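Quick notes on the structure that follows.
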Amino acid sequence: MTKYINVKTVSRTDMIDITSQVQEVIDRTGITDGICYLYVPHTTAAVTINEGADPSVRRDIMKALSRLIPRDAGYSHMEGNADAHIKSSLVGSSAYVFIEKGKILLGTWQSIFFCEFDGPRHRRVAIKARAVRAFRSKP
Amino acid sequence: MTKYINVKTVSRTDMIDITSQVQEVIDRTGITDGICYLYVPHTTAAVTINEGADPSVRRDIMKALSRLIPRDAGYSHMEGNADAHIKSSLVGSSAYVFIEKGKILLGTWQSIFFCEFDGPRHRRVAIKARAVRAFRSKP
Amino acid sequence: MTKYINVKTVSRTDMIDITSQVQEVIDRTGITDGICYLYVPHTTAAVTINEGADPSVRRDIMKALSRLIPRDAGYSHMEGNADAHIKSSLVGSSAYVFIEKGKILLGTWQSIFFCEFDGPRHRRVAIKARAVRAFRSKP
Numbered sequence: 019m020t021k022y023i024n025v026k027t028v029s030r031t032d033m034i035d036i037t038s039q040v041q042e043v044i045d046r047t048g049i050t051d052g053i054c055y056l057y058v059p060h061t062t063a064a065v066t067i068n069e070g071a072d073p074s075v076r077r078d079i080m081k082a083l084s085r086l087i088p089r090d091a092g093y094s095h096m097e098g099n100a101d102a103h104i105k106s107s108l109v110g111s112s113a114y115v116f117i118e119k120g121k122i123l124l125g126t127w128q129s130i131f132f133c134e135f136d137g138p139r140h141r142r143v144a145i146k147a148r149a150v151r152a153f154r155s156k157p
Numbered sequence: 019m020t021k022y023i024n025v026k027t028v029s030r031t032d033m034i035d036i037t038s039q040v041q042e043v044i045d046r047t048g049i050t051d052g053i054c055y056l057y058v059p060h061t062t063a064a065v066t067i068n069e070g071a072d073p074s075v076r077r078d079i080m081k082a083l084s085r086l087i088p089r090d091a092g093y094s095h096m097e098g099n100a101d102a103h104i105k106s107s108l109v110g111s112s113a114y115v116f117i118e119k120g121k122i123l124l125g126t127w128q129s130i131f132f133c134e135f136d137g138p139r140h141r142r143v144a145i146k147a148r149a150v151r152a153f154r155s156k157p
Numbered sequence: 019m020t021k022y023i024n025v026k027t028v029s030r031t032d033m034i035d036i037t038s039q040v041q042e043v044i045d046r047t048g049i050t051d052g053i054c055y056l057y058v059p060h061t062t063a064a065v066t067i068n069e070g071a072d073p074s075v076r077r078d079i080m081k082a083l084s085r086l087i088p089r090d091a092g093y094s095h096m097e098g099n100a101d102a103h104i105k106s107s108l109v110g111s112s113a114y115v116f117i118e119k120g121k122i123l124l125g126t127w128q129s130i131f132f133c134e135f136d137g138p139r140h141r142r143v144a145i146k147a148r149a150v151r152a153f154r155s156k157p
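Protein chains in written order, with this note's numbering: chain A, 19 to 157; chain B, 19 to 157; chain C, 19 to 157.
This is the structure in structure tokens:
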């Protein structure tokens with residue numbers, strides 16, 4: 019069964035910390051050791067893992083993406099959001115994290131971010147989680 | 019066991035919709051709820067998920083990548099395809115999708131694409147799929 | 019249970035082949051058919067799969083990334099490593115590989131690389147692996 023997180027974005031481009039929402043989904047599964055899979059069912063958004071402590075990191079990431087992929091650059095796609103599609107494939111529509119003792123295993127500075135490239139919109143992140151049994155270590 | 023999809027590319031750079039081929043592999047597994055893992059065993063190709071409805075999106079993605087990573091830019095690698103290797107690491111050699119009721123769970127506009135960066139070639143995409151049991155929801 | 023690979027990087031940016039270390043972890047699990055998940059718990063590093071035979075490919079990838087994302091570009095983040103955070107989200111903090119007959123299933127030229135964008139540092143790669151049963155092929 020797939021669970022969903024709802025994300026409401028408020029500007030055209032944004033990175034929204036969804037770590038605690040993902041943790042809540044994991045809590046409900048009762049899985050203590052496993053993998054949590056995130057999937058963005060949108061073509062102008064993405065998911066990434068990066069620093070959560072300093073909000074300026076998010077701004078730098080979004081600005082760098084917009085510098086590399088400008089909003090207007092003679093694109094063929096006529097809906098005015100070709101840049102958002104391109105960013106989506108660069109950052110990626112999925113990310114997984116490990117679950118250890120019921121908690122997302124993140125590095126000290128890591129958070130999970132929903133990336134909006136063509137907002138504001140109501141978005142969703144699909145989530146599946148599964149247990150991973152301990153290694154049967156060889157002698 | 020790993021299954022393979024064969025992809026024949028016809029130009030140097032291309033994005034080929036492999037959604038229906040992936041669905042056929044899933045059909046044969048009999049998995050109704052799970053995860054389907056795609057893996058590209060090539061270093062000058064990739065897999066991504068993006069809009070399938072308007073072919074101009076694909077063209078914009080490939081053009082943007084070629085603008086960012088030109089074919090000739092004083093690379094060290096002498097085989098004339100350094101750009102393709104770089105694009106491969108930017109877009110990524112793997113992608114997973116969820117399986118719900120036996121079908122790939124995709125957003126309205128999403129399709130799965132094989133990305134060719136150094137074609138034309140005969141390529142393969144390796145696929146594994148596995149069932150994910152329903153969450154044992156906590157009270 | 020999560021296993022860890024230790025990686026010592028010696029320069030600010032580097033790509034280090036960790037394929038054999040990943041294979042050693044898989045060997046200890048006794049898994050013959052499955053998936054091996056890699057996860058980088060750092061926000062200024064990444065993991066990717068690309069050509070291992072010619073070291074110039076690695077150099078070209080790192081140089082292209084540094085050309086696209088210069089070290090100094092008026093970033094907001096004040097620690098001098100905003101570029102490393104941006105590269106991390108472009109290349110990605112995770113990658114999975116398939117396990118077949120106990121060995122990592124890689125294309126002829128593929129190796130697994132730890133990408134350092136803000137070294138030199140002592141780094142870790144977290145690893146989980148799990149068996150995937152054979153498809154129950156439908157008639």
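Built from N, CA and C at the ideal position, the CB exists for glycine as well.
Only a predicted model underlies this, so the values are computations on that prediction, with no experimental measurement involved.
Per DSSP, residue 113/C is one residue of the beta strand (DSSP E) stretching across 112-118. Under the Cβ criterion of 9 Å, residue 151/B is not counted among the residues facing chain C.
Counting only Cβ-Cβ distances below 9 Å, residue 35/B has no contacts in chain A at all, with the closest Cβ about 13 Å away. When the Cα atoms are used, residue 130/C and residue 131/B turn out to be separated by approximately 22 Å. When secondary structure is reduced to three states using DSSP, residue 123/B falls in the strand class. A distance below 9 Å separates the beta carbons of residue 61/C and residue 125/A. Separation of the CB atoms of residue 87/B and residue 104/B is rounded to 5 Å, and the pair is thereby assigned contact status at 8 Å. Going by DSSP, residue 87/B is part of no beta strand (DSSP E) at all; its letter is neither H nor E. Per the coordinates, the alpha-carbon of residue 49/C lies some 46 Å from the alpha-carbon of residue 94/C. For residue 67/A, the residues of chain C that pass the 7 Å Cβ criterion are 111, in the order they occur in the chain.
DSSP assignment within the segment 42-96 of chain C yields the following whole alpha helix (DSSP H) runs of 4 residues or more, N-terminal first: 73-86. In the DSSP secondary-structure assignment, residue 101/C is not bridged to any residue. The three-state reading of DSSP puts residue 129/A in strand, counting E and B together. Between the alpha carbons of residue 52/B and residue 40/B lies a gap of roughly 14 Å. Between residue 22/C and the set 72/C, 135/C, 45/C and 57/C, the nearest pair of CA atoms involves 57/C.
Counting of Cβ neighbours within 10 angstroms places residue 101/A among the buried residues, the total reaching 16 or more. Neighbourhood of residue 139/B in chain A, by CB distance below 8 Å: empty, with the nearest CB roughly 20 Å away.
In terms of beta-carbon proximity, residue 84/A stays away from the interface with chain C, with every pair separated by 9 Å or more.
DSSP lists 133/A as the bridge partner or partners of residue 33/A.
Taking all protein chains shown into account, residue 92/C has fewer than 16 neighbouring C-beta atoms within 10 Å of its C-beta and is therefore exposed. Contact between the segment 138-147 of chain B and the segment 27-38 of chain C is absent: fewer than 3 CB-CB pairs across the two stretches fall below 8 Å.
When 8 Å is used as the limit between beta carbons, residue 108/A is near these residues of chain B: 108 and 109, in chain order.
Straight-line spacing of the CA atoms in residue 99/C and residue 44/B works out to 43 Å. CA-to-CA, the gap between residue 19/A and residue 151/B works out to about 7 Å.
Note that the C-beta distance between residue 114/C and residue 116/A is not below 9 Å. Cβ-Cβ distances below 7 Å link residue 79/B to 33 and 68 in the same chain, with the five nearest sequence neighbours on each side left out; the list follows chain order. Of all residues in the segment 80-105 of chain B, those with a C-beta nearer than 9 Å to a C-beta of chain A are 81, 82, 83, 85 and 86, reading in chain order.
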